[in-house]
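Before any comments, here is the structure.
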Amino acid sequence: MQATILVTGGTGFIGSHTAAVLQQAGYRVLILDNLCNSAAGVLDAIAAITGIRPDFVQGDVRDAPLLDSVFASHPIAAVLHFAGLKAVGESTTMPLAYYDNNVHGSVQLLQAMQRAGVRTLVFSSSATVYGDPQKLPLTEDHPRSATNPYGHTKLVVEDILENLYNSQPDWRIARLRYFNPVGAHPSGLMGEAPQGTPNNLMPFVAQVAVGQRDSVKVFGNDYDTPDGTGVRDYIHVMDLAEGHAHALKYCLNAAQDLLTVNLGTGVGYSVLDMIHAFEQASGKAVAYDIVGRRPGDIAACWADTELAFQKLGWRAQKSIQDMCDDAWRWEMHRAAL
Ligand code: NAD
Ligand code: UD1
0 MQATILVTGG TGFIGSHTAA VLQQAGYRVL ILDNLCNSAA GVLDAIAAIT GIRPDFVQGD
60 VRDAPLLDSV FASHPIAAVL HFAGLKAVGE STTMPLAYYD NNVHGSVQLL QAMQRAGVRT
120 LVFSSSATVY GDPQKLPLTE DHPRSATNPY GHTKLVVEDI LENLYNSQPD WRIARLRYFN
180 PVGAHPSGLM GEAPQGTPNN LMPFVAQVAV GQRDSVKVFG NDYDTPDGTG VRDYIHVMDL
240 AEGHAHALKY CLNAAQDLLT VNLGTGVGYS VLDMIHAFEQ ASGKAVAYDI VGRRPGDIAA
300 CWADTELAFQ KLGWRAQKSI QDMCDDAWRW EMHRAAL
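In numbering that gives the first Met the number 0, the protein residues as written are 0 to 336.
This is the structure in structure tokens:
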């Protein structure tokens with residue numbers, strides 16, 4: 000039987016693009032997702048893009064008997080663990096749900112991997128673990144901190160993985176710290192589909208361009224940045240997916256390792272830069288209002304990308320214009336559905 004990669008959260012935004020890239024690289028993919036923030040229709044999109052429908056189990060990473068049966072019935076070589084909750088604001092009002100899903104869910108998965116003898120894992124961490132940057136670009140040895148429960152769940156799981164590796168060094172683990180994933184598959188068939196009002200900038204901008212919302216609220220123009228608006232390291236989701244393929248290959252080829260790397264572009268763009276790039280891509284005016292700062296926001300953040308290049312031989316390739324062009328194609332496709 001062909002070795003299989005288990006992708007938890009694989010019908011979600013980043014997991015689905017990664018699943019497509021892995022299939023195109025020749026891996027067999029099995030997705031486990033409880034569909035709490037995605038839809039099974041994503042499997043059709045992956046099939047249309049790659050010509051292969053990934054195997055799918057609808058279920059929860061906290062369900063230990065289900066995990067045991069998944070590991071028992073497939074020759075799983077490695078796990079990419081995307082499943083989790085990710086809304087910062089919601090995590091402050093429902094902290095227990097975040098610890099249960101993100102921390103308890105990860106522990107259940109790790110225990111099932113132990114039982115099955117699968118010790119190769121790629122974990123979705125976040126640049127949120129750097130807190131308020133003391134210096135830029137952010138290198139992986141920057142001190143970590145968390146200002147909200149979501150961020151804290153990522154810190155805790157990073158630490159659990161380190162404890163696990165120290166106790167059993169035959170594990171091969173990559174902790175990937177994503178910066179700001181945006182964009183969509185270039186086919187226009189797959190992208191981000193946030194439920195309700197988007198919390199993040201780019202899905203909101205897309206919904207204004209398509210006429211679904213009136214204007215973008217720009218959270219502050221008095222930061223110490225070139226135009227006063229917040230600066231972030233936006234990374235195309237396809238670059239991120241390629242980064243995962245490199246990290247998986249690295250882990251599969253390592254005798255043992257605990258690798259921690261940033262996945263970003265190394266370049267920061269402001270809120271207004273992103274709005275203007277989206278106007279260019281869509282040919283639509285994107286109205287915006289400057290409002291007060293969002294509590295908890297930092298002024299600027301971008302990655303040092305050298306370690307990822309050194310260890311994985313990977314660098315992001317796509318421009319903000321690619322990110323906006325592809326997000327717009329996806330938005331048009333969604334509007335036509
Ligand atoms: P997403 O919500 O689109 O995808 C997560 C998927 O996990 C969803 O399909 C959801 O249904 C599934 N899921 C959630 N809880 C589950 C559970 N208990 N069992 C099984 N499936 C479950 O989010 P995304 O943007 O694709 O993010 C993927 C991962 O990357 C998350 O761990 C997130 O914290 C992390 N991350 C995301 C970003 C970002 O900006 N999108 C940035 C940094 C890190
Ligand atoms: C947010 C989370 C971060 C998480 C990341 C994942 C917060 C405080 N941080 O990061 O922990 O890892 O999402 O995607 O929620 N902006 C506007 N108007 C909007 C939305 C955003 O001006 O309607 C601005 C923000 O102030 C920021 C930039 O756009 O300067 C990007 O915001 P966003 O997309 O929410 O990402 P982050 O805040 O970087």
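Where is the CB? At the ideal position from N, CA and C, for every residue including glycine.
Closer than 7 Å: Ser37 CB and nearest the ligand NAD heavy atom: Stepping through the sequence shown from its first residue, residue 37 is reached at position 38. Ser37 Cβ: within cutoff of the ligand NAD.
Under a three-way DSSP split, which group does Gln358 fall into? It is not possible to answer for residue 358, since the shown part of the chain is limited to 0 through 336.
Go ahead and label Gln22 buried or exposed: buried means 16 or more other beta carbons lie within 10 angstroms of its beta carbon, across all protein chains shown. Stepping through the sequence shown from its first residue, residue 22 is reached at position 23. Classification of Gln22: buried, given that the 10 Å Cβ count is 16 or more.
Starting from the Cα of Arg61, find the closest Cα among Leu29, Met112 and Ala47 and give me that residue. Here residue 61 corresponds to residue number 62 of the sequence shown, with the count starting at 1. The shortest C-alpha separation from Arg61 is found at Met112.
Flag this pair as yes or no: are the beta carbons of Val41 and Met189 separated by less than 8 Å? Counting from 1 along the sequence shown, the entry for residue 41 is found at position 42. Counting from 1 along the sequence shown, the entry for residue 189 is found at position 190. Yes. Within cutoff.
Contact the stretch 227-235 vs the stretch 294-310: 3+ CB pairs below 8 Å: yes
Counting only the same chain and skipping the five closest in sequence on each side, list residues whose C-beta sits under 8 Å from that of Pro132. Mapped onto the sequence shown, residue 132 falls at position 133. These residues qualify, in order along the chain: His141, Ile297, Ala299 and Cys300.
Just how far apart, CA to CA, sit Ala254 and Leu5? Numbered from its first residue, the sequence shown carries residue 254 at position 255. Numbered from its first residue, the sequence shown carries residue 5 at position 6. Distance between the alpha carbons of Ala254 and Leu5: 20 Å.
Output the boundary residues of the beta strand (DSSP E) element that contains Ser105. Residue 105 sits at position 106 when you count from the first residue of the sequence shown. Run containing Ser105: none in the beta strand (DSSP E); it sits in the alpha helix (DSSP H), Gly104 to Ala115.
Could you give the uninterrupted runs of the beta strand (DSSP E) lying entirely in the stretch 164-193, keeping only those of 3 residues or more? 171-177 and 179-181
For Val290, count neighbouring C-beta atoms within 10 Å of its own C-beta (all shown protein chains included) and say buried if the count is 16 or more, exposed if not. Taking the sequence shown and counting its residues from 1, one reaches residue 290 at position 291. Exposed is the call here.
Look at the Cβ atom of Ile30, then the Cβ atom of Thr10, and state whether they are nearer than 8 Å. Taking the first residue of the sequence shown as position 1, residue 30 is located at position 31. Taking the first residue of the sequence shown as position 1, residue 10 is located at position 11. In this structure, Thr10 lies closer than 8 Å to Ile30 by Cβ.
Candidates Gly116, Gly58, Leu120 and Ser186: closest to Asn100 by CA position: Working through the sequence shown from its first residue, we reach residue 100 at position 101. Checked all of Gly116, Gly58, Leu120 and Ser186; the closest Cα to Asn100 is Gly58.
Excluding the 5 residues preceding and the 5 following Gln110 in the sequence, name in chain order all residues of the same chain whose CB lies nearer than 8 Å to its CB. Looking up residue 110 in the sequence shown gives position 111. Around Gln110: Ala63.
Three or more C-beta pairs below 8 Å linking the stretch 241-253 and the stretch 149-164: no
Going by beta carbon distance, what residues of the same chain come within less than 6 Å of Glu330, once the five residues before and after it are set aside? Taking the first residue of the sequence shown as 1, we reach residue 330 at position 331. Here the set comprises Ala205 and Val209.
From what residue to what residue does the beta strand (DSSP E) around Val128 run? Start at 1 with the first residue of the sequence shown, and residue 128 comes out as number 129. That residue, Val128, is in no beta strand (DSSP E); it is neither H nor E in DSSP.
Counting along the chain, where does the alpha helix (DSSP H) carrying Pro271 start and finish? As a position in the sequence shown, residue 271 is number 272, starting the count at 1. Inspection of the sequence shows that residue 271 is occupied by Leu rather than by Pro. That run of the alpha helix (DSSP H) goes Val270 to Ser281.
In three-state DSSP terms, what is Ala299? Here residue 299 refers to the residue found at position 300 when the sequence shown is read from its first residue. Looking at Ala299 - three-state DSSP - the assignment turns out to be strand.
Flag this pair as touching only if the stretch 275-286 and the stretch 180-187 have three or more C-beta atom pairs under 8 Å; answer yes or no. no
Could you tell me if the beta carbon of Thr127 falls within a distance shorter than 7 Å of some heavy atom in the ligand UD1? For the purposes of this step, residue 127 is taken as residue 128 along the sequence shown, with counting starting at 1. Yes; taking the cut-off as 7 Å, the Cβ of Thr127 has a heavy atom of the ligand UD1 nearer than that.
Considering Lys248, what are the terminal residues of the beta strand (DSSP E) in which it resides? Locating residue 248 in the sequence shown gives position 249, counting from the first residue. It is not in any beta strand (DSSP E) - Lys248 instead sits in the alpha helix (DSSP H) that spans Val236 to Asn252.
Between the stretch 144-157 and the stretch 306-316, can you find at least three pairs of beta-carbon atoms closer than 8 Å? no
Exposed or buried, Pro74, counting other C-beta atoms within 10 Å across all chains shown (16 or more means buried)? Numbered from 1 along the sequence shown, position 75 holds the residue referred to as residue 74. Under this definition Pro74 is an exposed residue.
Which of helix, strand or coil DSSP assigns to Asn100: In the sequence shown, residue 100 corresponds to position 101, counting from 1. DSSP places Asn100 in helix when its eight states are reduced to three.
Tell me the rounded alpha-carbon separation between Val87 and Asp221. Translated into positions along the sequence shown, residue 87 becomes position 88. Translated into positions along the sequence shown, residue 221 becomes position 222. About 23 Å.
Only counting runs of 4 or more residues, tell me where the alpha helix (DSSP H) segments fall wholly within the stretch 44-97, in order along the chain. 63-72, 87-92 and 94-97
If we call anything under 8 Å between Cβ atoms a contact, is Ile45 one with Val236? Working through the sequence shown from its first residue, we reach residue 45 at position 46. Working through the sequence shown from its first residue, we reach residue 236 at position 237. No, the pair does not count as a contact, with Cβ atoms beyond the cut-off.
If we define contact as Cβ-Cβ less than 8 Å, is Ser68 a contact residue for chain B? Considering every chain present, this structure includes no chain B. It has just one protein chain.
Please state if the CB of Arg171 and the CB of Thr119 are separated by a distance shorter than 8 Å. By 1-based counting over the sequence shown, the position of residue 119 is 120. By 1-based counting over the sequence shown, the position of residue 171 is 172. Cβ distance < 8 Å, so Thr119 and Arg171 count as in contact.
If you follow the alpha helix (DSSP H) that Thr17 is part of, which residue opens it and which one closes it? Residue 17 sits at position 18 when you count from the first residue of the sequence shown. Residues Phe12 to Gln23.
In this structure, does DSSP put Arg328 in helix, strand or coil? In the sequence shown, counting from the first residue as 1, residue 328 sits at position 329. Of the three classes helix, strand and coil, the one that applies to Arg328 here is helix, per DSSP.
Please report the Cβ distance between Ala240 and Val20, rounded to the nearest whole angstrom; I am assuming they are in contact, meaning their Cβ atoms lie under 8 Å. Counting from 1 along the sequence shown, the entry for residue 240 is found at position 241. Counting from 1 along the sequence shown, the entry for residue 20 is found at position 21. Rounded, the Cβ-Cβ distance is 4 Å, consistent with contact.
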